[in-house]
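Here is the structure we will look at, set down as structure tokens.
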Amino acid sequence: MSSSYDKCVRCGSCVKFCPLFDAVGEEQFSPRGKIYLLQIMDQIEDDPELAKEFRQLLFQCTLCGRCSEVCSSDVDLLKVWHEQRAKAVEMAPEEFDYLDALRNSLANVANIYGLDPEDRAIYWLDELEDDIPGLGDRVYEKGKTADTMVFLGCLMSFRGSQMDVLRSLFTMLEEVGEDYLVMGAEENCCGHPLYLMGDEKGAAELRQHNKSVIEDAQAKKVVTCCPGCLIQLREYHNLEKVEALHHTQFFDQKMASTPIYEQTEELAYHDPCELHRILGIKTEPRSLLKKLGVKYREMEASCCGGGGLLRMTDPGLSDIIIQARAAKEKLKDTVVVTACPSCREQLLASENRTKDIVELLADASKGGAE
Amino acid sequence: MKLRDIAIGANASMYYRMDFKKIRGVYYPKTEADVLAAIAFARENGYDVTPKGGGSGLSGACTGGDIDRIMMSSLQMTEMLAISKDMGYVDVQPGLTPDEINAVLEPMGMKLHVAPSSRDIATVGGILSTDGGGNDTWVNGTMRDNTIKVKMVTYDGRRLTVSHEGVKSDDSELEAELNNKGMTINDIASSHGTLGFITELKLFIRPLVNETLAGSLVEFPDYDALGQAVDEIIKRKSPIRYGETIVTAHPDVREGFNPPLLILQYPEGYDSELSEFVDVKKLDKEELKRMKDVRLKLPKRNPKKGVQFALFEGYGFHEESLRKMQSALDEIDALLQSHDLVPFAKYGHAPSKWYLGDNTAAYGIILHSREIRPEGKTGTELLQILLDIVERCESLGVTPKPEHKWPFDDKTKSARLSELRKIIGQGFNSFILDETCNGVLSSMV
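Line by line, the protein sequences give chains A and B. For what it's worth, numbering that gives the first Met the number 0 labels the leading residue of the first sequence as 0, then goes sequentially. For what it's worth, numbering that gives the first Met the number 0 labels the leading residue of the second sequence as 0, then goes sequentially.
Rendered as structure tokens:
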């Protein structure tokens, strides 16, 4: 039986869409180049240096899925990359030592930063409790129940750069009168980083705890701002009678109309790859922007360079991608609206201005932009 | 050796398994100076130079065969250098694709009218080197018809500018010698990188045509009826703006349509004349879009079981072979099936224009063919089948589009290229003109 990559006819339609090829301009970084290497692997696998280089190359990819989207030959390229990554790590774990810190953190404390799990609801609670009275009571403890469980994810739980988004998220949840809890210290990493490196077993262990907490809370919905977390919650947590939603979906459903956003800046919308291409969530973010009366331009549906663990596996390439992107899209005087904490980190790290859609919502609700 | 020395071999042809040890360097130049430096390295070390564009061609020319060689990709030569809307040209580096050029031109109301189905990856340098075209060559000609002039660098590092009128060079002796030989853009067209590396092209651009087009589907009972209808279109010089045929398609990708058929677009109102010789079924915008999509994706899709591959592309049906397509195609299919090759799809541009090896224009159907890849056939066996097809085509008066496949290129073009290479150097893509070419290609299947 043919492997999926055998179906590739090497037509090259994926080459110019690939952010890695765009950044480096050499064929080995393109999806076609990588598939070609797989197709002729029998010619090169006996050379240990080439085999090692190939394993490294598999992690020089943002897993943005553009190649899968454009492929007309029925090659599920994303699946190929996932399978090959798993195979690479299994074959030569010593070459992926640099991922050990991440793996150990997830195994020991169930977050990507290696911080005390109790701290998941410490930093932001300290910062936001004055602004949002009663927020402390929203943190899940055994026995508490709510209609909606908020799954923040590691980035939003621990990163100060996400604080404005969190503030807006909680403000809006209060605004719409939602009965919600935040998982807090009971939240495990969703497993997405392990999934991206092909460690399905490790990811499954993390998910199991989340599933039991969400179901114990009798939540009907679990809402997250992070598309990576949503992939895991929606596709891999096996949640029963719990609907997993992106926050843009949640607020678009909740708010038939919104206050008008008093726009003073030039805005552009960046579609997070995992949100629109992998999860297929395209209309809700735009629906919210429309309700807000925002004028914005659409950015090319291309990756910010922050996906697929690239930030960790090759930060230099990740930087090149976002810098090239910012120059091509002329972002200097533009605020990039997006809906993904990882894209936000990537944009901020390259000194671009960015806002999550929920920030626009919160600004509009209190009567205009800050 | 690094993976970059291997991945450069990625291309759409069936010739992709190569001896990578013979690739002595891989270059992605950005400027003419980079090109000159790479060629100098090759020359000093006695290596051949293989130019490569998008790698979407099916001839295998961009592989370089099995000669010790450097590979030089144009994929980083992607600057638009000048646009003159008034004078109708654009100066570009060779690594841009028609899609990339038109993304800039179309908001200005202009367009480069060359549209191969691989226009998202095929580079203009590569398209000229194969003299490619698309479904609109009937209206807009092939790449050579859309090229005003090119700048190129030869193996000995000299620079040439070649136009339809002749050659210019800083080296007056070389210029005179090449002009004495009558060298023009016709020689660069379909030269498959054997003459030099193209560093810049001046291309015709024309306004986007603002006319209301109607779309139609025409179905035929057999291949003869299809060929005769296309012959009539050619005789009448019908204003077909888009003409594609699906001659056969595997049930897995046929999507309910009933080939042989033509998908046509023409100025609103031309139906009445068209109806004089074919039964026209009008298509609305969505139906037309769907038909075009079905056709466009045929080279990229696969059957539910097995994988398609391109053994031979570019059957050129013209004149008598066009009017009697049925018997010719029956013979070709019988030959394929006798070698356990299951026909997957035959489709192509109809009406179309292409050039024969002596630079005369031919008009008819350029038919592409895909088969289901057979299990267990060796490269040598597959190449032999291919050569059998070529021989059969010659006896049937079906002219293989000469620039598509080198093993069966006509002798006129080969002789011409050899003649020119004696003057400008012989270090570019030499395997193509070598008598061992077929054997080399078969080793790469």
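Don't be surprised by glycine CBs; every beta carbon is placed ideally from N, CA and C.
Check: Selection of the region 70–89 of chain A by Cβ proximity to chain B, strictly under 7 angstroms; Outcome: Ser71, Ser72 and Asp73
Check: Residue from Leu36/A, Val8/A, Ser3/A and Lys6/A whose Cα sits closest to the Cα of Asp4/B; Outcome: Leu36/A
Check: Selected residue, minimal CA-CA separation from Tyr241/B, among Glu418/B, Val306/B, Ala414/B and Gly133/B; Outcome: Gly133/B
Check: CB contact below 8 angstroms: Leu261/B versus chain A; Outcome: no
Check: Residue-chain proximity (Tyr112/A, chain B), Cβ-Cβ < 8 angstroms; Outcome: no
Check: Exposure label - Glu369/A; buried when at least 16 CB within 10 Å; Outcome: Low per-residue confidence applies at Glu369/A: pLDDT is 47, beneath 50, and the placement is therefore not dependable, though the value from the model is reported in the following sentence. So Glu369/A counts as exposed.
Check: Contact list for Ile239/B against chain A, beta-carbon separation under 8 angstroms; Outcome: What Ile239/B touches in chain A: nothing, since even the nearest Cβ is about 25 angstroms away.
Check: Nearest candidate by alpha-carbon position, reference Ser337/B, set Gly313/B, Gln383/B and Lys345/B; Outcome: Gln383/B
Check: Local Cβ density within 10 Å of Lys299/B, reported as buried at 16 or more and exposed below that; Outcome: buried
Check: DSSP three-state assignment for Phe169/A, whether helix, strand or coil; Outcome: helix
Check: Runs of alpha helix (DSSP H) wholly within the region 161–229 of chain A (minimum 4 residues, chain order); Outcome: 162–174, 191–195 and 199–215
Check: Where Ser168/B falls, given that 16 or more other Cβ within 10 Å makes a residue buried; Outcome: buried
Check: Pro350/B versus Lys84/B: straight-line alpha-carbon distance, rounded; Outcome: 29 angstroms
Check: Where Met71/B falls, given that 16 or more other Cβ within 10 Å makes a residue buried; Outcome: buried
Check: Met0/A versus Leu56/A: straight-line alpha-carbon distance, rounded; Outcome: Confidence is the limiting factor: at Met0/A the pLDDT is only 38, short of 50, which leaves the residue's position unreliable and the question unanswerable from this model.
Check: Outcome for Ala60/B when other beta-carbon atoms lying within 10 angstroms are tallied against a minimum of 16; Outcome: buried
Check: Asp186/B (DSSP reduced to helix, strand or coil); Outcome: helix
Check: Beta-carbon neighbours of Asp119/B, restricted to chain A and to distances below 7 angstroms; Outcome: Ser12 and Lys15
Check: Nearest candidate by alpha-carbon position, reference Val222/A, set Tyr97/A, Leu172/A, Ile131/A and Ser317/A; Outcome: Leu172/A
Check: Cβ distance (whole Å) where Cys17/A is taken to contact Ser72/A below 8 angstroms; Outcome: So it is not a contact: roughly 16 angstroms between Cβ atoms.
Check: Residues within the region 118–141 of chain A neighbouring chain B, beta-carbon criterion of under 7 angstroms; Outcome: none
Check: Extent of the continuous alpha helix (DSSP H) to which Gln322/A belongs; Outcome: Pro314 to Lys327
Check: DSSP bridge partner residues for His245/A (one or two, in chain order); Outcome: Thr223/A
Check: Nearest-angstrom Cβ-Cβ length linking Gly307/A and Cys60/A, presumed shorter than 8 angstroms; Outcome: 5 angstroms
Check: First and last residue of the uninterrupted alpha helix (DSSP H) at Asp230/B; Outcome: Tyr222 to Lys234
Check: Members of the region 31–58 of chain B near chain C, C-beta cut-off 8 angstroms; Outcome: Absent from the structure: chain C. Protein chains present are A and B.
Check: Residues bridged to Asp47/B (per DSSP); Outcome: Arg68/B
Check: Against chain B: residues of the region 24–41 of chain A by CB proximity under 7 angstroms; Outcome: Gly24, Glu25, Glu26, Gln27, Arg31, Gly32, Tyr35, Leu36 and Ile39
Check: The region 39–57 of chain B touching the region 6–13 of chain B, judged by at least three CB pairs closer than 8 angstroms; Outcome: yes
Check: Start and end residues, alpha helix (DSSP H) containing Met90/A; Outcome: Leu76 to Met90
Check: Below-8 angstroms beta-carbon distance, Thr502/B vs any chain A residue; Outcome: Since the first and last residues shown for chain B are 0 and 444, residue 502/B lies out of range.
Check: Three-pair Cβ contact test at 8 angstroms for the region 81–101 of chain B versus the region 232–241 of chain B; Outcome: no
Check: Status (buried if at least 16 other CB within 10 Å, exposed otherwise) for Gln231/A; Outcome: buried
Check: Rounded separation between Pro57/B and Ser104/A - CA only; Outcome: It is Leu, not Pro, that sits at residue 57/B in the sequence shown. If you take the alpha carbons of Leu57/B and Ser104/A, they lie about 50 angstroms apart.
Check: Validate contact between the region 204–214 of chain A and the region 226–246 of chain A using beta carbons, cut 8 angstroms, 3 pairs; Outcome: yes
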